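Undergrad: Dropping the structure in here first, questions after.
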Amino acid sequence: MKKSNDSANEENSKEEPIHFIKNIIEKDIAENKNDGKVVTRFPPEPNGYLHIGHAKSIFLNFTLAEEYGGTFHLRFDDTNPEKEDTEYVEAIKRDIKWLGCDWGENQFFASDYFEKLYEYAVTLIKKGKAYVCSLNAEQIREYRGSLTEPGKNSPYRDRSVEENLELFQKMRDGEFAEGEHILRAKIDMASPNLNMRDPALYRIRKVHHHRTGDKWCIYPMYDYAHCTSDAIEGITHSICTLEFENHRPLYDWCLDEIGTECHPQQIEFAKLNLTHVIMGKRHMTRMVNDKIVDGWDDPRMPTIAAMRRRGFTARAIRNLCERVGVAKRENTIEMALLDYFVREDLNSIAPRVMGVLKPLKLVITNYPEDKEELLDAPNHPTDESYGTRQVPFSKVLYIEQDDFMENPPKKYFRMTVGREVRLRYGYYVTCTDVVKDDNGEILEVHCTYDPETKGGSSADNRKVKATIHWVSAKHALEAEVRLYEHLFAVENPSKGEIEENLNPNSLTVTSGYLEPSVKDAKAEDKYQFERVGYFCVDKDSSADKLVFNRTITLKDSWAKVKKKK
RNA sequence: AGGGAUAUAGCUCAAUUGGUAGAGCGCCAAGCUUUGGCCUUGGAGGUUUCAGGUUCGAAUCCUGAUAUCCCUGCCA
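Using this note's numbering, you'd call the opening residue of the first sequence number 66 and step up by one each time.
Quick look at the structure:
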């Protein structure tokens, strides 16, 4: 366990890491900007499940508000009814709650502001800063110009305020077909920033909205709805990802021209990427629809729901997000770092049990045929509050196939003929011989035990090199065990070739023998199967059939030694 | 007439604002251990993208290159 006797030093090391957004906020507070208040928000579009990249943004916004005595809002950015659904709203809320970020009363929807946004648009029209354009989509694209060439003005750009007002009202009233007109900002068709070339503010969509129903047939665009929603909520720091950097001038333009009292500051940071996964929503949706994975919460997915099901903890995810920091540099985090935080947290909280995944029968020849004992075993190696349990012991056990070798290499110090090893919490046993079938396959291993070593230690203090785990065959529970590896075999799966880069071993379904103490385990219960890994009860588990997910293996330095040879 | 952003260890980030670069993970060792886990200690690993310049002194300031990412939805 980690210990430090230098309290000052420990205090320092516990401080939250500083980063450029905190610097901005601290400067703002020092200058009493926004009356020294901090209001942040997480603004998901309810059109898919949240992934670990979103988690970083959620933690960032939540902890910033928490740390500076501010407020954290959850606002659904539901301005595109074609893609959005309440199913996603519920899933998103569930995930954010699980992460431990409480938005309290501050749950909002951009769709709550549609009326206000409409009024703002009228304001812009009256100021001559917005106009109804009747070009079709293709024409608008042509008029926009290109990256290297300026665009040209729409022929409808100089419509009168009165005409614009009337047309916009009619758009709202449903008098036009989709695509017939849009409302555009009047900015600068020659701007080098394409977002400023008279961007669309409203489009006609005769679609049912999951919250407003059929009340509206015009819907605001992101650039217009996001800044105004932020302003309405009194957001002080509107944090988003790098790809919105080019949108910031438009964010500011809208609020300046509308003249909102509140003008939040948009700040961009680099989103989190992870090796061995694909996080793009489109691609994840495809993997779900094409049954490459078994749903959004397939434990191999990088979604919050999947990680939860897999057995990762919110704390591990949070520690990762804090550790990787906040910066503007594009980055891809090694999965090994996530693994580290998952192991770190699980090591401290997961009760220990014994389970054998690849069973090999071990017969203790000098142990009485019908004898059974209950052996005391601590549930946690360092935290006594976890208590102890009793594990049944008998003449015939299962041990792990990997824990016996007939012809062991150097440095292998588990069981082999003639060697004494310890059965965890049990006895010292010495292997005497091996029983094989006609093909030479090992069927069972025989050994003798030393009755004087009960509990796993000897009076003469003699050393054994190895301790191996076991399960009493007679008492063992059989369970389905799902073993997971990276979904993709390569670090950076190229997005076009999902199938080609899949890891064929990403899921192995097997069975295992577990000690009886896990009989009543419930979904999401987490254990360490000693010496094997961390496991979590799956939601598919039932009293009749236990199902465990392998969250992650233990670090295995023997595997490294073996590999080097 | 293109614009915006970013470059420091394998990965992710620091560097008190001009005083010869540090941390976590990863990697390699050793110690400890009733988990080959945990824990402890040590080590390797840097032309700070490059080239000039200013300065006693540059990751930091100046000039100029280069590389990578983002932007031409009536998506967000």
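Each residue gets a CB set at the ideal place from its N, CA and C atoms; glycine is no exception. Remember, predicted model here, so these are calculated numbers, not experimental data.
Might you give, ordered along the chain, the residues of its own chain that have their beta carbon closer than 8 Å to the beta carbon of E203, omitting 5 neighbours on each side?
TA: The answer is none, since no qualifying residue turns up.
Undergrad: From the DSSP output, in three-state form, read off P329 for me.
TA: In this structure, P329 counts as coil in the three-state DSSP scheme.
Undergrad: What runs of the beta strand (DSSP E), each 3 residues or longer, lie entirely inside the region 154 to 221?
TA: Runs found: 172 to 174 and 195 to 198.
Undergrad: If you count every other CB in all the chains shown that lies within 10 Å of the CB of E485, and 16 or more means buried, which is it?
TA: Result: buried.
Undergrad: I need the straight-line Cα distance from E471 to V482, nearest angstrom please.
TA: If I take the Cα positions, the gap works out to 7 Å.
Undergrad: Just reading off the alpha helix (DSSP H) that N614 is part of, what are its end residues?
TA: It is not in any alpha helix (DSSP H) - N614 instead sits in the beta strand (DSSP E) that spans L611 to T618.
Undergrad: How would you label G452, buried or exposed, when you count the other beta carbons within 10 angstroms and need 16 or more for buried?
TA: Looking at its Cβ environment, which holds fewer than 16 other Cβ atoms inside 10 Å, G452 is exposed.
Undergrad: Return yes when the Cβ of K426 is within less than 8 Å of the Cβ of G463, no when it is not.
TA: According to the sequence shown, residue 463 is Tyr rather than Gly. Yes, Cβ-Cβ distance for Y463 and K426 is below 8 Å.
Undergrad: Tell me which same chain residues have a C-beta within less than 8 Å of the C-beta of T306, skipping the five on either side of it?
TA: Correct list, in chain order: S122, E333, F334, A335 and K336.
Undergrad: For E424, count the other beta carbons within 10 Å of its own beta carbon; 16 or more makes it buried, fewer makes it exposed. Which is it?
TA: The question names Glu, but residue 424 in the sequence shown is Pro. Burial call: buried.
Undergrad: Reducing DSSP to helix, strand and coil, say where G134 ends up.
TA: In the structure shown, G134 sits in coil (DSSP, three-state: anything other than H, G, I, E or B).
Undergrad: Rank G239, F233 and L259 by C-alpha distance to the C-alpha of K271 and give the top, closest one.
TA: For the residues G239, F233 and L259, the minimum Cα distance to K271 belongs to G239.
Undergrad: Please give me, in chain order, every unbroken run of the beta strand (DSSP E) with length at least 3 that falls completely inside the region 211 to 279.
TA: DSSP runs (the beta strand (DSSP E)) wholly in the region 211 to 279: 247 to 250 and 265 to 269.
Undergrad: Using DSSP with H/G/I as helix, E/B as strand and the rest coil, what is R394?
TA: Coil.
Undergrad: Can at least three beta-carbon pairs, one atom from the region 291 to 305 and one from the region 148 to 167, be found at a separation below 8 Å?
TA: Contact between the region 291 to 305 and the region 148 to 167 is absent, because fewer than three Cβ pairs lie under 8 Å.
Undergrad: Would you check whether the ligand NAD has a heavy atom nearer than 7 Å to the C-beta of T532?
TA: In terms of ligand content, the structure shown is empty, and the ligand NAD therefore cannot be addressed.
Undergrad: So, using beta-carbon positions, are L611 and L542 closer together than 8 Å?
TA: It is a contact, given that the beta carbons lie within the stated cut-off.
Undergrad: What three-state label does DSSP hand I304 in the structure shown?
TA: Looking at I304 - three-state DSSP - the assignment turns out to be strand.
Undergrad: To the nearest angstrom, how far is it from the Cα of E243 to the Cα of C601?
TA: Going from the Cα of E243 to the Cα of C601 covers about 50 Å.
Undergrad: For P473, which residues in the same chain have their Cβ closer than 8 Å to its Cβ, ignoring the five residues on either side in sequence?
TA: These residues qualify, in order along the chain: R479 and T481.
Undergrad: Taking the alpha-carbon of S176 as reference, which of P111, Y514 and L115 has the nearest alpha-carbon?
TA: Nearest option by C-alpha distance: P111.
Undergrad: Just verifying my parser: in three-state terms, what is the DSSP assignment at A624?
TA: Three-state DSSP puts A624 in a helix.
Undergrad: From what residue to what residue does the beta strand (DSSP E) around T350 run?
TA: Segment K346 to N354 is the alpha helix (DSSP H) holding T350; no beta strand (DSSP E) there.
Undergrad: Could you compute how far the alpha carbon of H551 sits from the alpha carbon of D621?
TA: Spanning the two alpha carbons is a distance of roughly 17 Å.
Undergrad: Helix, strand or coil: how does DSSP classify Y114 here?
TA: Coil.
Undergrad: List in chain order: all unbroken beta strand (DSSP E) runs of 3+ residues lying wholly within the region 433 to 473.
TA: Qualifying beta strand (DSSP E) stretches, in chain order: 438 to 443, 453 to 458 and 461 to 465.
Undergrad: Is the separation between the beta-carbon of E434 and that of F458 shorter than 8 Å?
TA: Contact: no.
Undergrad: Quick one: what's got a C-beta closer than 6 Å to Q466's C-beta in the same chain, skipping five residues either side?
TA: Same-chain partners within the cutoff: K423 and L425.
Undergrad: Inspect the beta-carbon positions of D498 and H511 and report whether they are closer than 8 Å.
TA: Contact: yes.
Undergrad: Measuring alpha carbon to alpha carbon, tell me which residue in I617, G101, H540 and E580 is nearest L572.
TA: L572 has its Cα closest to that of I617, out of I617, G101, H540 and E580.
Undergrad: A250 and K194 - do their beta-carbons sit closer together than 8 Å?
TA: In contact: K194 and A250 (Cβ atoms closer than 8 Å).
Undergrad: Count Cβ pairs between the region 153 to 161 and the region 402 to 409 that sit closer than 8 Å; are there 3 or more?
TA: With a cut-off of 8 Å, the region 402 to 409 and the region 153 to 161 do not count as touching, because too few Cβ pairs lie within range.
Undergrad: Just to confirm my understanding: we take W281, look at its own chain, exclude 5 residues before and 5 after, and list those with CB closer than 7 Å. What are they?
TA: These residues qualify, in order along the chain: F179 and H274.
Undergrad: Let me know if N354 comes out buried or exposed under the rule of 16 or more other beta-carbons within 10 Å of its beta-carbon.
TA: Classification for N354: exposed.
Undergrad: Look at the Cβ atom of N258, then the Cβ atom of P314, and state whether they are nearer than 8 Å.
TA: Contact flag set, yes.
Undergrad: Touch check for the region 179 to 188 and the region 284 to 291: three-plus C-beta pairs under 8 Å?
TA: The region 179 to 188 is in contact with the region 284 to 291.
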